[in-house]
Amino acid sequence: MADLEKMKEAKDFYSDIPMENKPFFLRGSNSLDWGMQNRFSRIFNPESGRTVMLAIDHGYFMGPTTGLERVDVKILPLLGSCNALMLTRGMLRTTVPSSFSGGVVLRASGGPSILKELSNEHIAVSMEDALRLNVAAIAVQVFIGGEYETQSVHNMTTLVDLGNRHGLPVLAVTAVGKDMNRDAKYLRLACRMCAELGAHFVKTYYVPDGFETVTSCCPVPIVMAGGKKLPELDALTMAYNAVDQGAAGVDMGRNIFQSDRPEAMIQAVGAVVHQGMQPQQAYELYQSLKNDKKQVEVAP
Ligand code: R5P
14 MADLEKMKEA
24 KDFYSDIPME
34 NKPFFLRGSN
44 SLDWGMQNRF
54 SRIFNPESGR
64 TVMLAIDHGY
74 FMGPTTGLER
84 VDVKILPLLG
94 SCNALMLTRG
104 MLRTTVPSSF
114 SGGVVLRASG
124 GPSILKELSN
134 EHIAVSMEDA
144 LRLNVAAIAV
154 QVFIGGEYET
164 QSVHNMTTLV
174 DLGNRHGLPV
184 LAVTAVGKDM
194 NRDAKYLRLA
204 CRMCAELGAH
214 FVKTYYVPDG
224 FETVTSCCPV
234 PIVMAGGKKL
244 PELDALTMAY
254 NAVDQGAAGV
264 DMGRNIFQSD
274 RPEAMIQAVG
284 AVVHQGMQPQ
294 QAYELYQSLK
304 NDKKQVEVAP
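Shown next, in the form of structure tokens:
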């Protein structure tokens, strides 16, 4: 029984200080519940409002992709330099230490391999398992214009319903098929559809012409997908342009782990995303980190 005698009188009511009601720092996310916002804060840095997500989920349809043959050897050293890690539950459970304190964005759709029709995906993770893994979000591929467009949209809306019930954000990943134009008009359609149908954030590609129209008419945060490996300066320029034109960060894979020095590259990307460092300066940072055997870590 608590001691009720000689209790200190409560007196610090600060009646002259109105209680603040701060909006949540991410676009379109004000009305989300506390748990959902807390999970978002594991993915996005609340100071910069942006994220560097490291995408290593390629194996879910491509097998051991170049640079990801040994996640334990090549990727674990990068974990201190990203805000979030996007991967499958198999790789998470087998290879990533449970002490990892960044956000985990779990790949939750799958099915076909690169040998088959890629849009024929189904939901590949139960909500129960995602919650057991304590992930910060789940990711689902959406194939607008693809052969199995409706099925992939249905995968997303099913996960959104479950995510809303359990406080878990859903990342819609807009896939661009072989026959589709990767232009701003297509990306506006795909991103807006995902947001309208309930996705909490969207991953999409950068296009040099009109990307700012893709971000401005999408009411939830957009993170830029990396795509195929580019020369480092080009990849840093693309990341700079994407955040400058409204992206809330990047979700890059091959442009980081297929770089000559992934540790240096991810830190240069982080400087662009969080500090707004100009591409040329970030490239010089990459070069100096690359040549520095010791490698100073920059916090994400
Ligand atoms: C593709 O749509 C998947 O999400 C990828 O496996 C991955 O995220 C792609 O990353 P990147 O194109 O930057 O290598």
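For the sequence shown, our numbering gives the first residue as 14, with consecutive numbering after it.
Cβ atoms here follow ideal geometry from the backbone N, Cα and C, with glycine treated the same way.
Spatial neighbours of residue i in its chain, beta-carbon cut-off 7 Å, leaving aside the 5 residues before and after
| i | result |
| --- | --- |
| VAL138 | ARG102, LEU119, ALA121, ILE151 |
| CYS204 | THR187, VAL215, THR217, VAL227, CYS231, ILE235 |
| LYS242 | ARG267, ASN268, GLN271 |
| VAL189 | ARG195, TYR218 |
| MET206 | ILE157 |
| ARG201 | THR226, VAL227, CYS230 |
| PRO1 | In this structure the chain extends from 14 to 313, so residue 1 is not present and cannot be described. |
| VAL84 | ILE69, MET104, THR108 |
| THR79 | GLN271 |
| THR250 | PRO292 |
| ASP9 | With the chain covering only 14 through 313, there is no way to say anything about residue 9. |
Residues near residue i in its chain [Cβ-Cβ closer than 6 Å; skip 5 each side]
| i | result |
| --- | --- |
| ARG55 | GLY116, ALA149 |
| GLY48 | GLY180 |
| SER6 | Only positions 14 to 313 of the chain appear in this structure, which leaves residue 6 out of reach. |
| PRO36 | ASN43 |
| ALA252 | VAL263, VAL282, VAL285 |
| ASP46 | GLY180 |
| GLN50 | PHE37 |
| MET290 | ALA284 |
Beta-carbon spacing of residue i, residue j below 8 Å
| i | j | result |
| --- | --- | --- |
| SER42 | PHE53 | yes |
| GLY239 | VAL263 | yes |
| LEU81 | GLY93 | no |
| HIS179 | LEU144 | yes |
| ILE136 | THR171 | yes |
| ALA68 | MET99 | yes |
| ALA281 | ALA295 | yes |
| ALA185 | VAL153 | yes |
| ILE210 | VAL183 | The question names Ile, but residue 210 is Leu in the sequence shown. Contact flag unset, no. |
| PRO332 | LYS87 | Residue 332 falls outside the range modelled here, since the chain spans only 14 to 313, and no answer is possible. |
| GLN258 | GLU297 | no |
| MET237 | ALA255 | yes |
| GLY123 | GLU134 | yes |
| PHE38 | PRO59 | yes |
| ARG40 | VAL233 | yes |
| SER61 | HIS213 | no |
| ALA197 | GLY223 | yes |
Per DSSP, cross-strand counterpart(s) of residue i
| i | result |
| --- | --- |
| SER94 | None; SER94 has no bridge partner. |
| VAL186 | GLN154, LYS216 |
| THR66 | It is Met, not Thr, that sits at residue 66 in the sequence shown. According to DSSP, which records beta bridges pairwise, MET66 is partnered with ALA97, ASP264. |
| ASN58 | ARG63 |
Inter-residue CB distance, residue i and residue j (contact presumed, cutoff 8 Å)
| i | j | result |
| --- | --- | --- |
| PHE74 | THR64 | The pair is not a contact, with the Cβ atoms about 23 Å apart (cut-off 8 Å). |
| SER132 | GLU162 | 7 Å |
| MET66 | ASN96 | 6 Å |
Residues near residue i by beta carbon distance below 8 Å, same chain, minus five either side
| i | result |
| --- | --- |
| GLN293 | LEU246 |
| PRO244 | none |
| TYR199 | ILE157, GLY158, VAL189, MET193 |
| MET265 | VAL65, MET66, LEU67, ALA68, MET237, ALA238, GLY239, ALA248, ALA252, VAL282 |
| ASN147 | VAL117 |
| GLU130 | GLU160, TYR161 |
| GLN11 | Lying outside 14 to 313, the shown extent of the chain, residue 11 is not represented and no answer is given. |
Could I get the ranges of all uninterrupted beta strand (DSSP E) runs contained in the segment 209-293, with 3 residues as the minimum, in chain order? 214-217, 235-238, 262-265
Can you check the segment 84-139 for any alpha helix (DSSP H) of at least 4 residues that lies completely inside it and give the ranges in chain order? 84-87, 102-108
Could you give the uninterrupted runs of the alpha helix (DSSP H) lying entirely in the segment 27-59, keeping only those of 4 residues or more? 47-56
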